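Right, one structure below, let's go through it.
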Amino acid sequence: MTSVVVLGAGVIGLTTALELKRSNAKLDITIVADHLPGDIDHTYTSPFAGANWHSFATPEDKRLQEIDKPGYKKFLQLAAADPRSGIWAVDNLSMYTDYEVTSNNGNYRKFVPWFKDFVDGFEIVDKSKLPEGIAFAHKFKGVVISVHTYLNYLVQQNKEIGNIIKRIPQIHHIEDARKFHSSGKKADYVINAAGLNASKIKGVEDKKFNFPVRGQVLLVKNNAKIQLGVEGFPGLPNEMLYMMPRKEGGTIIGGCFLEGNTSVSEDKELTARIIKRAIKYAPELVDPNYKNNPSKIEIVKVNVGFRPFREDGARVEVDKKYKWLIHNYGAGAGGYQGSFGLSKLVVDIMEKELSKFKSKL
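Numbers -17 to -1, 1 to 344, taken from mature numbering (1 follows the signal peptide of the UniProt record, and there is no 0), label the letters of the sequence shown in order.
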């Protein structure tokens, strides 16, 4: 059997390990990480996500589109077929303020996403149905992922398929990862899915800039009717409103997109702005007649996390120096929605690598 170590137990590492094993039962896979699902650490991004599917790809970015496509279909399938996954289907409504549309010279086409002909139920919302101050909106059938449930689901799926998961100390050189295969022998391949730390490990040479982008979200007891996003708040270009109602109840409300801000502490002024926007655009949150909601926003937790961004997008390739090393990191804010597409790229690379080996025999 070919031995593989997957370094990283976030959504990318866990999904990659699972899809590799599904593609080739002869792969002997060990997932290793210093943080595992259930841990809370600001350098471990996956537990802090919303999460949902709403591709950030531009109409020109065909690579990212292809990365994001598989996740949409897979998450809808899981929502319909496996309640253990913590995923459910719920409409996704995106709204753009008068300010946002005016700032883009009234060009509504800019706000029509590439996936309009790909997702289910896409439609432009009639202007007469929009709240005051909103110039344009669209909606489609979306999904919301309860991240703690889903990460534990991925752990269980990996175990059931035969993959081993181990907690290890943080490694200092990428070659050290090969030592942690469950067989006790040096692994044939390492998948570098270490998220924020992936490019910081010695031996990993990356000419592209890797950087964290701060996010702050509220988990509240209040229930929202649908997923909602609002863009275009004057003077605050790095802030937006988004809401994701959880399957088990409650809602995730955000947010911000702050480069260069590494504070792990709650920004209380931002929290206040998030709450004010949420009540304005989703008044059912504080309506006791809707699912017995509290009459005010009741915060369960404020989460601050850091999205692992990389200049030019995710790195998925065989390392130039270490031919046993395959990289899969830098997904930014698209880790969940891109997880199956990124995993497919790794599966394709692994198949090519193994076919090279067979051709030499």
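All C-beta atoms in this analysis are idealised placements derived from N, C-alpha and C, irrespective of residue type, glycine included.
Since the structure is predicted, the reported quantities are computational estimates derived from the model, not experimental observations.
{"Item": "Straight-line Cα distance separating residue 80 from residue 265", "Value": "15 angstroms"}
{"Item": "8 angstroms Cβ cutoff met for residue 329 and residue -2", "Value": "yes"}
{"Item": "Alpha carbon of residue -10 to alpha carbon of residue 136, nearest angstrom", "Value": "16 angstroms"}
{"Item": "7 angstroms Cβ shell around residue 164 - same chain, five flanking residues per side excluded", "Value": "-15, -13, 13 and 170"}
{"Item": "Alpha helix (DSSP H) runs wholly inside the stretch 69 to 144, at least 4 long, in chain order", "Value": "81 to 86 and 130 to 144"}
{"Item": "The stretch 322 to 337 / the stretch 50 to 69 touching (three or more Cβ pairs under 8 angstroms)", "Value": "yes"}
{"Item": "Contacting residues, own chain, Cβ-Cβ under 7 angstroms from residue 254 (five flanking each side not counted)", "Value": "201 and 285"}
{"Item": "Counted within 10 angstroms of its Cβ, other Cβ atoms place residue 382 as buried (16 or more) or exposed", "Value": "It is not possible to answer for residue 382, since the shown part of the chain is limited to -17 through 344."}
{"Item": "The stretch 209 to 226 / the stretch 309 to 320 touching (three or more Cβ pairs under 8 angstroms)", "Value": "no"}
{"Item": "Member of 260, 5, 16 and 289 whose CA lies at the smallest distance from the CA of residue 334", "Value": "5"}
{"Item": "C-beta contact flag for residue 97 and residue 60 at 8 angstroms", "Value": "no"}
{"Item": "Pair within 8 angstroms by beta-carbon distance, residue 33 and residue 157", "Value": "no"}
{"Item": "Length-filtered (3 minimum) beta strand (DSSP E) runs lying within the stretch 204 to 281", "Value": "210 to 214, 222 to 228 and 234 to 239"}
{"Item": "Whole beta strand (DSSP E) elements within the stretch 154 to 208, 3-residue minimum", "Value": "172 to 175 and 193 to 203"}
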